[in-house]
Amino acid sequence: MEVTIYTIPTCPWCKKLITWLKRKRIPFRECDTFEENSCREELLKKTGQLAVPVIDIDGTLIIGFKEQELSDAIEKAKKTIVSEAPLQDSSE
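My numbering puts the first residue of the sequence shown at 102, with every later residue one more than the last.
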């Protein structure tokens, strides 16, 4: 599962999101759209706007820190990873 969050340093919801992800022990890549032009361009390409926070979970975008929607998307991504895992050969 790949999680990227788009943030700016002064955003209180971004800080709450980071705290929430750390508390849940979910690894993520933070992309600061204020400091990094490449992050700003990436966000514009994905959403057509610059509002933050934006969370990208394996291509599923969530705009804003919506805890239940975020939890649901993470659980769905985890289930996808498990269902795509190769089966073990029991004859070994």
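Where a beta carbon is used, it is the ideal one built from N, C-alpha and C, also for glycine.
Since we're looking at a predicted model, the values are computed, not measured.
Going by C-alpha positions, A174 is about 8 Å away from T161. C132 is positioned such that its CB atom lies closer than 8 Å to that of I106.
Here C140 carries a helix assignment [DSSP, helix/strand/coil].
For secondary structure counted as the alpha helix (DSSP H) over 4 or more consecutive residues, the stretch 134-181 holds these complete runs in sequence order: 138-148. Residues of the same chain with a CB within less than 7 Å of the CB of T148, apart from the 5 flanking positions on each side, are V155, L162, I164 in chain order.
Per DSSP, the continuous alpha helix (DSSP H) segment holding T120 begins and ends at 113-124. Rounded to the nearest whole angstrom, the CA to CA distance from A178 to F129 is 13 Å. Secondary structure at E103: coil, using DSSP grouped into helix, strand and coil.
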